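Let me begin by presenting the structure, written as structure tokens, before commenting on it.
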Amino acid sequence: MSDSRRDFLKKSGLLGAGMLAGGGIVSAQHQGHIHPPEKKAPPPKQATPKKAPARREAPAQKSERREETRPIVPVETPDLPKVPFTLDNGVKVFHLTAEVVKTQLVPGKEMYGWGYNGSVPGPMIEVNEGDRVRIIHHNKLPEPTTIHWHGLEVPPEMDGVPFISQPMIEPGASFTYEFTLNQNGTFFYHSHGAMQEMMGMIGLFVIHPKTPNTPYCHRDFGLILQEWALLPNNPVPNSMAMEFNWLTINGKAGPATTPMLVRQGERVRLRIVNLGMDHHPMHIHGHQFFVTGTEGGRIPETAWYPGNTVLVGVAQSRDVEFDAVHVGNWMFHCHLPHHMMNQMISMVGPMSRAGHGTQTGGGMEEGMGIVRQGHALSEDMAPKFGRGMGDTTERDRNTSNIVGPTQQQQQHQGHQMNPQDEAQKKRVPGYPQDMMMIMDKEVAKPHTYGLPPGWTASMMGMMTLVRVLPPKEYDEIQRRIREGIVEAPTPGHKHD
Ligand SMILES: [Cu+2]
306 MSDSRRDFLK KSGLLGAGML AGGGIVSAQH QGHIHPPEKK APPPKQATPK KAPARREAPA
366 QKSERREETR PIVPVETPDL PKVPFTLDNG VKVFHLTAEV VKTQLVPGKE MYGWGYNGSV
426 PGPMIEVNEG DRVRIIHHNK LPEPTTIHWH GLEVPPEMDG VPFISQPMIE PGASFTYEFT
486 LNQNGTFFYH SHGAMQEMMG MIGLFVIHPK TPNTPYCHRD FGLILQEWAL LPNNPVPNSM
546 AMEFNWLTIN GKAGPATTPM LVRQGERVRL RIVNLGMDHH PMHIHGHQFF VTGTEGGRIP
606 ETAWYPGNTV LVGVAQSRDV EFDAVHVGNW MFHCHLPHHM MNQMISMVGP MSRAGHGTQT
666 GGGMEEGMGI VRQGHALSED MAPKFGRGMG DTTERDRNTS NIVGPTQQQQ QHQGHQMNPQ
726 DEAQKKRVPG YPQDMMMIMD KEVAKPHTYG LPPGWTASMM GMMTLVRVLP PKEYDEIQRR
786 IREGIVEAPT PGHKHD
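Here the sequence shown stands for residues 306 to 801, numbered as in this note's numbering.
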């Protein structure tokens, strides 16, 4: 680190508490799925290829490229805002306010997370290498906090570790961070309290290089992976849980994640950040990518390696890049089976069915379905799981994961299932397993236009879509975004 890099900093220290009275709960600003209007990204110069150009072999030599003069493409963060800034004598000034945020994971599932500026996770800070930034951090939480700049080489006083590098920022107080950025890549900021992290206190910190990386990427997306333990009917995540039943990308679980839109032939970068208790093998359909960056910055091109699944460990970031040559609606998702589900609650099925089950009485482990001793249907365990006793356990014994509805319930709900068939099914070991739920209408937005009826049934948990679209369809969806046209797919109707 050169001396000029160290020439900071006037630290403003703790400001008065008066400027930030009240710690009210705000609503997430990104709930309306508002995407910034298309900023006419530079169109790919090459004609749309019908077949895949050979980006599967080793990357081309630098001499073959004349792309460095093109402008850097802003990073898109589906479902998340960016932090605006003002300029003060060449310093970019940002405000980050830590606060409780009421948010929605999918329609019908609300949560009180802790985030920044009305967003869980926090909004993205997007800057350039060489920038000097001043970030004024306000604490509207009921307890002290600090911000750590994960991966950034900042002076020790700016590192955001309570007591070691700075005093705690008390409720109602503020603290000013200021430093110069001499790196580029995908970084993030987060509270340095472990439990505050698990309440959602993280955000992207992307630094663009002085000249665009090569090969040129026409599309750049930032995605934050998080996990939550939410007991049924409890909107406050259990930050001490070791098991998680809600998995999100940028604060949304499938199918509420907003699809990423790409014009066929564009090169796409995905920046993926993970801050939670689990590692996530993120898998793309229909394409191979190269892993081009880590939380330490850009990987030298000679060390890139191909794949279609990248393990994003806790506290890591991974950049991947691919040429979006194959038209289609391609999934991008964590491949851990339990992370491809919503509201997964083992052995508490009857709780959601009126008239069945008894009250819960165990600890948080029992509430999440963890059996530490005995068996789930024993007299003392069963009530803790919300299960029936005596002959009401009969249906439990016939099934494995999920207790199916009774014949009476089926008749009441208008199902015409032959009871003989249901009895047959229940003799099949393991039945039932997968349940699907169609939410096409509930999550419809311009970005979902043209997806086939029922598409939401396959989207759960840590899942989103990369939609590689022919130019005509791409332009049509951009028009719908600009004009705010929302239209859910209609079964039987196919648009052209
Ligand atoms: Cu995962």
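Virtual Cβ for every residue (Gly too), placed ideally from N, Cα, C.
Keep in mind that this is a model prediction, so the values were computed, not measured.
Check whether residue i and residue j have beta carbons under 7 Å apart
| i | j | result |
| --- | --- | --- |
| T450 | I430 | no |
| V773 | V567 | yes |
| P586 | H640 | yes |
| L446 | A478 | no |
| G559 | G766 | yes |
| I604 | T597 | yes |
| T491 | R576 | yes |
| G508 | P386 | no |
| N555 | Q621 | no |
| G527 | V733 | no |
| P461 | S470 | yes |
| V425 | T408 | yes |
| R623 | V573 | no |
| E548 | G581 | no |
Cβ shell of residue i (< 6 Å), same chain only, five flanking positions each side left out
| i | result |
| --- | --- |
| G618 | H584 |
| R702 | Confidence at R702 is low in this model, with a pLDDT of 48, below 50, so its placement is unreliable and the value that follows should be read with caution. Nothing listed; no residue qualifies. |
| M463 | Y482 and F484 |
| D745 | T761, A793 and P794 |
| P796 | P758 |
| A561 | V411 and V748 |
| I452 | H442, G465 and Y494 |
| N422 | T402 and P428 |
| E600 | G456, Q621 and S622 |
| P540 | E415, M416 and Y417 |
| N444 | A403, T450, I474, P476 and A478 |
| P611 | Q593 and F595 |
| E781 | none |
Same chain, Cβ closer than 7 Å to residue i, five either side skipped, listed in chain order
| i | result |
| --- | --- |
| G633 | G591 and V773 |
| L756 | N634 and P794 |
| L535 | M416, P542, N550 and W551 |
| V791 | A749, K750 and P751 |
| E747 | P412 |
| E788 | none |
| G602 | Q488, N489 and G490 |
| I440 | F399, L401 and Y482 |
| S544 | M500, M503 and M504 |
Ligand 1 heavy atom lying under 6 Å from the CB of residue i
| i | result |
| --- | --- |
| H592 | no |
| M767 | yes |
| C522 | no |
| L641 | yes |
| H638 | no |
| H644 | yes |
| H585 | yes |
Cβ separation of residue i and residue j, assumed to be a contact under 8 Å, to the nearest whole Å
| i | j | result |
| --- | --- | --- |
| V466 | H442 | 14 Å between Cβ atoms; not a contact. |
| H638 | M768 | 4 Å |
| V625 | F594 | 4 Å |
| M649 | H643 | 6 Å |
| W419 | V405 | 6 Å |
| W454 | F390 | About 16 Å separates the two Cβ atoms, so there is no contact after all. |
Residues near residue i in its chain [Cβ-Cβ closer than 8 Å; skip 5 each side]
| i | result |
| --- | --- |
| E434 | L486, N487, Q488, N489, I512, H513, P514 and K515 |
| N394 | none |
Cross-strand partners of residue i (DSSP beta bridge)
| i | result |
| --- | --- |
| C802 | Nothing about residue 802 can be reported from this structure: the residues present for the chain run from 306 to 801 only. |
| V411 | K414 |
| N538 | N538 is not bridged to any residue. |
| A403 | Y421 |
| K557 | I554 |
| D624 | R576 and G598 |
| I815 | Because the chain spans 306 through 801 in this model, residue 815 falls outside it and cannot be assessed. |
| M768 | H638 |
| T614 | H588 |
| D525 | R574 |
| K387 | M429 |
| R568 | L774 |
| G490 | I512 |
Beta carbon proximity, residue i to chain B, threshold 7 Å
| i | result |
| --- | --- |
| I469 | This model lacks chain B altogether; it includes just one protein chain. |
Heavy atom of ligand 2 within 6 Å of residue i beta-carbon
| i | result |
| --- | --- |
| T382 | Summarising the ligand content, the structure contains ligand 1 and does not contain ligand 2. |
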